[in-house]
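So the sequence shown is numbered by this note's numbering: it starts at 6 and just counts up by one.
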Amino acid sequence: MKNDTLLHLLRDLGLNELEANIYIWLLENKRSTGYKIAGQISKPVANTYKALKSLQQKGAVISDDSSGTIYFDTIPIEEFLNKIENEFKTKREQIVNEVNKLEVQQEPTGIYEIKSKDLVFEKAANMIRSTENSILIDGFPAPMKTIKKYLSADRSKDINIYVKNYSGDDIDNVHQLKANFKDLPISELNGQWLIVLRDTAESLIAFFSKDGKELIHSIWTQDPFISFILFNGSAYEFNFTEVCEQVYSNESNKVENMKSIIERYKNIYRYMRVEEKKYY
């Protein structure tokens with residue numbers, strides 16, 4: 006039976022369609038001649054042997070001609086994937102080293118559209134890793150489920166992590182503002198958002214489909230002015246939200262609680278003023 010998902014994944018790894026079909030057939034049927042494989046998948050014999058040779062070069066298939074007839078088989082899938090992973094790591098290191106040799110290196114300062122969902126989450130993860138002082142995250146349930154693994158206890162020891170969380174679940178290692186997902190005009194929005202703001206210096210805004218599976222649109226920027234304004238506004242919004250909760254609470258010590266909340270944000274405000282001097 007044809008496995009379209011596996012076929013697509015193998016093509017993503019660099020196999021062409023014929024190679025992927027041959028590889029899947031061999032996984033299901035094991036040791037066979039090229040002639041038999043060609044007949045089973047209804048492809049020309051010459052093309053099949055050419056694809057088998059390519060699969061051997063890529064490390065996916067091995068051959069045995071000890072009996073006088075050439076038989077082909079797959080290597081264990083884990084070995085094949087480990088080979089690809091190791092090759093990628095080696096090439097990655099080589100590319101990074103070569104890029105570092107370039108004489109001109111500039112940080113991008115435009116406003117860029119991101120069209121890959123995976124790249125959105127990689128950007129978010131990198132922003133969390135590279136934060137020096139404070140990061141503000143405003144996230145709906147689906148995207149938060151993906152990025153919360155990067156909000157580690159080690160990171161929270163070094164930086165301020167403030168999260169406006171709509172999922173209803175607690176997130177460890179962060180200062181959390183619980184927001185009510187049901188109260189939002191979700192029918193009008195028809196989707197879920199993720200906003201990540203780092204150190205007044207970098208901003209990521211993404212909007213996903215209602216189920217969170219598809220990226221609708223996203224922008225990312227390291228423009229200092231735009232990032233400062235977005236961070237500034239969100240920091241005050243977060244603070245105001247917490248203060249308002251106390252204003253309308255029934256707690257007897259609400260005034261002291263509000264003072265404590267404002268005190269907690271002072272470190273962010275001090276950092277914002279330092280960064281403002283850099284830009285102006």
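From the three backbone atoms N, C-alpha and C, an ideal C-beta is built for every residue, glycine too.
No experiment lies behind these values; they were computed from the predicted model shown.
- Annotated three-state conformation of Gln251 is helix, per DSSP.
- Here Tyr274 carries a helix assignment [DSSP, helix/strand/coil].
- About 18 Å separates the beta carbon of Ile89 from that of Ala56, a gap too long to meet the 8 Å contact definition.
- Under DSSP, the beta-bridge partners assigned to Gln197 are Phe213.
- Under the DSSP definition of a beta bridge, Trp225 partners with Tyr117, Leu209.
- The region 172 to 181 and the region 142 to 161 touch, with three or more beta-carbon pairs separated by less than 8 Å.
- Bridge pairing for Thr38: Tyr76 [DSSP].
- The C-alpha of Arg269 is placed about 12 Å away from the C-alpha of Glu261.
- Between Pro146 and Leu199, the C-beta spacing is not below 8 Å.
- Judged by beta-carbon spacing, Asn237 lies beyond the 8 Å limit of Ile266, meaning their Cβ atoms are not closer than that value.
- When secondary structure is reduced to three states using DSSP, Ile176 falls in the coil class, being assigned neither helix nor strand.
- Cβ contact annotation for Phe126 (same chain, cutoff 8 Å, sequence separation greater than five): Pro148, Thr151, Ile152, in chain order.
- DSSP, read as helix, strand or coil, puts Lys153 in helix.
- Under the DSSP assignment, Ile140 falls in the beta strand (DSSP E) whose first and last residues are 139 to 144.
- Ranking Lys215, Thr205, Glu250 by CA distance to the CA of Tyr274 puts Thr205 first.
- Around the beta-carbon of Asn34, fewer than 16 other beta-carbon atoms lie within 10 Å, marking it exposed.
- Between the alpha carbons of Ala240 and Asn272 lies a gap of roughly 11 Å.
- When the Cα atoms are used, Ser71 and Asp78 turn out to be separated by approximately 14 Å.
- Cβ neighbours of His222 within its own chain (closer than 6 Å, five residues either side excluded): Phe212.
- Straight-line measurement puts the Cα of Met132 at about 11 Å from the Cα of Thr226.
- Arg203 and Ser135 do touch by the CB rule: their CB atoms are close to 7 Å apart, below 8 Å.
- Taking 8 Å as the cut-off, the Cβ atoms of Gly64 and Phe85 count as close.
- Residue range 165 to 170 is occupied by the beta strand (DSSP E) that includes Tyr167.
- With contacts defined as CB atoms closer than 8 Å, Leu156 and Ile164 fail to qualify as a contacting pair.
- Per the coordinates, the alpha-carbon of Trp30 lies some 10 Å from the alpha-carbon of Ala43.
- With contacts defined by Cβ atoms closer than 8 Å, Ser59 and Glu22 do not form a contacting pair.
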